[in-house]
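Here is the structure we will look at.
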Amino acid sequence: MTVSVTADRSGPTGPPGGGLLVAGTTSDAGKSVVTAGICRWLVRKGVKVAPFKAQNMSLNSFVTRDGAEIGRAQAMQAAAARVEPSALMNPVLLKPGSDRSSQVVLMGKPVGELSARGYHAGRQEQLFGTVTECLAELRRTHDAVICEGAGSPAEINLRRSDIVNMGIARAARLPVVVVGDIDRGGVFASFFGTTALLSPEDQELIAGYVVNKFRGDVSLLEPGLDMLRDLTGRRTFGVLPFAHGLGIDEEDGLRVSLRGAVRESVVAPPHGADVLRVAVCAVPLMSNFTDVDALAAEPGVVVRFVDRPEELADADLVVVPGTRGTVRALAWLRERGLADALARRAAEGRPVLGICGGFQLLGERIDDDVESKAGTVEGLGLLPVRVRFAVEKTLARPVGEALGEHVEGYEIHHGVAEVLGGESFLDGCRVGAVWGTHWHGSLESDGFRRAFLREVAKAAGRAFVPAPDTSFGALREEQLDRLGDLIEEHADTDALLRLIEDGVPGGLPFIPPGAPPLTRSLQGGNR
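The sequence shown begins at 3 in our numbering and counts up one residue at a time.
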């Protein structure tokens, strides 16, 4: 497919049916979870379905088999849909490097750094043609495409340049359901206000609402739902209950997406006599913290995020995770005393694992004229490694062997490591109880994870024994099935299916005051 990077305002993209946009009243309202749940419900019905998010902002990313970088949430939604992840599913990925700038990844490849002002001032509009073409391609090859919005569609300060919420909905004539997190409170006001702040043309596409994270008796909620329908003329498509330990790979935040579910669902004690305590350094611009999900999936492994040196004292393993700012994370570790604590651990033979950026800062020296532009910086010196940052980003899906076990992973980094000694460990090295590698996702390989934890337990002096039958892939599938069950059991699936197949229902009323007409914007195909 030839991809355009100029705005295409020629008209609607694709057929009117076969799609749905899941928007939210706020960030973290549950859009990703609901999108994945709908995908799993549909594929179990025999529908060929794909997820789509036009623009994602996340430091948690994934590499497709053809070497494209996309958001991990979209990769997990693809798993829910039982399709191979593709750059078509997340054509624009923004990876924050500070509060004001992000790396722009277009069709899986980085194309430069932009400030937020620069992006919304024009670059975002230039990407609109790419976004609509990707969605059109997915709609041509699938029965249904379930799109996820970003933030809220009622962010009226950004509507002129929107390509991920009502901008794409207007262009593709997608019906929109708005998800609200009732656990936060104010969900009825949020539904009404979100709708009322949209222009008449945008409101035409808001088909209704989904209540997320409800606790209690649904009958107590029904008077409010009836009143909401009277006020807006729009129905509620489902009330999803609060489910403990339910989630998929997130865009950002500090939650371990599978840890809660596994810890709450496993009733058996640790397989051995001891538990294993894992401390993850919560470095700035932490990326792909989902690497530790697989550790947390093991019975008897307790994972927590830490930011103080005393929190490392009782840890059997310390993980220094990936980061979008290796030099910044290195300075942060030193400022907080964590660097000294890591050095003491290494000297005492206590386990430390560095992954990607965490691996880089464990080395002797970092030459960075690309990411931080700090020049040459001394690393922690715990591994015989020198790192040079390259302009080109490494994006790969390596396969190998370590500790006598098969390992698969993925790489996303600008830093190129020169390993000068130690024992070979994946693409990195090991010295004593300090390990380092660029490979994300390696701990999802069950045999390797168990072998690694046995090494950690031995070095830590713990009588911990990994369970012989823990399958991270099976646990992930179980999570996705739970999401599908939520939709199937608590949403009006007949109404949702009609919405996906038939498109936007007619006769939806306008709720004043609405937003003023857009004079300079991505108005899409419906003008």
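All C-beta atoms in this analysis are idealised placements derived from N, C-alpha and C, irrespective of residue type, glycine included.
Contact check for L405 against G438 fails: the beta carbons are separated by 9 Å or more.
In the DSSP annotation of this structure, D496 is not part of any beta strand (DSSP E); the continuous alpha helix (DSSP H) holding it starts and ends at T495 to D504. Within the segment 77 to 165, the complete alpha helix (DSSP H) segments at least 4 residues long are 130 to 143, listed from N- to C-terminus. Counting C-beta atoms within 10 angstroms of its own C-beta, V220 has fewer than 16 neighbours from the protein chains shown and is therefore classed as exposed. Counting only runs of 4 or more residues that sit fully inside the segment 345 to 385, the alpha helix (DSSP H) segments are 359 to 363, in chain order.
The alpha carbon of P470 has as its nearest neighbour, out of E139, G449 and Q79, the alpha carbon of G449. Cβ-Cβ distances below 8 Å link P271 to P301 and G302 in the same chain, with the five nearest sequence neighbours on each side left out; the list follows chain order. The criterion of a C-beta distance shorter than 9 Å is not satisfied by V51 and V212. Three or more Cβ pairs closer than 8 Å define a contact, and the segment 356 to 363 meets that threshold against the segment 283 to 296. In this structure, A345 lies away from R388, with their beta-carbon atoms at least 9 Å apart. Looking at the backbone, the Cα of G434 and that of M109 are separated by about 41 Å.
If you look at K55, you'll find it isn't in any beta strand (DSSP E); DSSP assigns it neither H nor E. CA-CA distance, D145 to L129, rounds to 25 Å. With fewer than three CB-CB distances shorter than 8 Å, the segment 132 to 150 does not count as touching the segment 187 to 200. In terms of CA proximity to A209, G509 leads the group G509, P515, R347 and L90.
Taking one beta carbon from each stretch, the segment 271 to 291 and the segment 421 to 428 have fewer than 3 pairs nearer than 8 Å; the two do not touch. Counting other Cβ atoms within 10 Å of its Cβ, N159 stays below 16 and is therefore classed as exposed.
When C-beta atoms of the segment 73 to 91 are compared with those of the segment 459 to 470, fewer than three pairs fall below 8 Å, so the two segments do not count as touching. Each residue's CA atom was taken as its position, placing P400 and I184 some 42 Å apart.
Per DSSP, reduced to three states, the secondary structure at T238 is strand. Pairing V24 with E150 gives a Cβ-Cβ distance under 9 Å. Put simply, the backbone Cα of A497 is about 7 Å away from that of F239. Taking all protein chains in view, the Cβ of M229 is surrounded by fewer than 16 other Cβ atoms within 10 Å, so the residue is classified as exposed.
The C-beta distance from G73 to K55 rounds to 7 Å, short enough to meet the 8 Å contact threshold. For A174 and M91, the gap between their C-alpha atoms comes out near 15 Å. Scanning R46, N62 and G48 for the CA closest to the CA of R326 turns up N62. Nearest to G423 by C-alpha distance, out of P286, G417, G131 and R432, is R432. Straight-line spacing of the CA atoms in L488 and A171 works out to 25 Å.
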